[in-house]
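Data first, discussion second: the structure below is written as structure tokens.
Numbering (this note's numbering), first residue to last: 290 to 592.
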């Protein structure tokens, strides 16, 4: 996919440096680009609740970034045959309207309509986009136009990918979008001692429904999370990192709360059980650690 088929700019009130950013590798002729952008800028976009959206961008950092709130339209590019998705910010910059998104609809782009108010797609291998609509009707209208351009059936909403669960877009969409890519897979933070709180937050955000718990359990198994957590647990005990140990307690508890049989079998296996029990000793509700391992492995003589 060509990188010059998308223009994603950061609103002045979002970017602390006050600069515009376009996707890397844009080599379009500057005169042609200026002419085309000028024509697109002059397109009228209605400002109604039905087409009001938030734009999220997921790039290399694998964190969904809120690029602002505006109004979306799917319109034909002037003097050309193609169509473009435009998001124009609600706020004005220097007295003029500002498009935060200009993305051409291409035949090989996989668009997905998830739930009733979300459209997501990948612009490249490292950049995913999501439009979160205020109203269902607006989402349906834009989705129908995308399908018309691509010659698709609007009823084929998922594009062949797993769909996000309703619970993933609670709390203003940010919780789910921060940990889920455009294909619905879980994107875990690095399993590092300084990122434990983030790992725990992602875990908690995926306890709301069976579908979310299943996705999280699969990610934990496929990404080899458990041995990394055990290594960090040993390190935290060695250096008496109390905050890290308390967070590991919450992580261990949430791992069991996923309630996935395959994962539970691994958690209670000989390889991991003792360390899982060890993490559960550091309950923040108690001033000092419990002594579960001492009781089970010394007093009760569990092998």
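For each residue, glycine too, the CB sits at the ideal point set by N, CA and C.
Is the Cβ-Cβ distance between residue i and residue j less than 9 Å?
| i | j | result |
| --- | --- | --- |
| residue 563 | residue 538 | no |
| residue 475 | residue 508 | yes |
| residue 521 | residue 552 | no |
| residue 417 | residue 409 | yes |
| residue 379 | residue 406 | no |
| residue 480 | residue 518 | yes |
| residue 420 | residue 342 | yes |
| residue 394 | residue 372 | yes |
| residue 477 | residue 510 | no |
| residue 348 | residue 354 | yes |
| residue 493 | residue 531 | no |
Which residues in the same chain have their Cβ closer than 7 Å to the Cβ of residue i, if we skip the five residues on either side of it in sequence?
| i | result |
| --- | --- |
| residue 502 | 495, 496, 547, 548 and 549 |
| residue 536 | 485, 486 and 489 |
| residue 578 | 570 and 571 |
Within 10 angstroms of its Cβ, does residue i collect 16 or more other Cβ (buried), or is it exposed?
| i | result |
| --- | --- |
| residue 442 | exposed |
| residue 388 | buried |
| residue 574 | exposed |
| residue 524 | exposed |
| residue 336 | exposed |
| residue 402 | buried |
| residue 506 | buried |
| residue 580 | exposed |
| residue 558 | exposed |
| residue 435 | buried |
Spell out the partners DSSP gives residue i in its beta bridges.
| i | result |
| --- | --- |
| residue 365 | 372 |
| residue 341 | 360 |
| residue 561 | None, per the DSSP bridge assignment. |
| residue 419 | 345 and 409 |
| residue 572 | None; residue 572 has no bridge partner. |
| residue 377 | 360 and 388 |
| residue 403 | 407 |
| residue 267 | The displayed coordinates of the chain run from 290 to 592. Any statement about residue 267 would go beyond what the structure contains. |
Within its chain, find whatever has a CB closer than 6 Å to the CB of residue i; leave out the 5 residues flanking it on each side and keep chain order.
| i | result |
| --- | --- |
| residue 340 | 360, 361 and 427 |
| residue 305 | Residue confidence for residue 305 is low, a pLDDT of 30 falling below 50, so the modelled location carries little weight and cannot support an answer. |
| residue 565 | 541 and 556 |
| residue 377 | 334, 359, 360, 386 and 388 |
| residue 332 | 364 |
Subject >> Continuous alpha helix (DSSP H) assignments of at least 4 residues falling wholly in the stretch 483-543 >> reply: Taking 4 residues as the minimum length, the alpha helix (DSSP H) runs contained wholly in the stretch 483-543 are 485-494, 499-511 and 514-528, in order along the chain.
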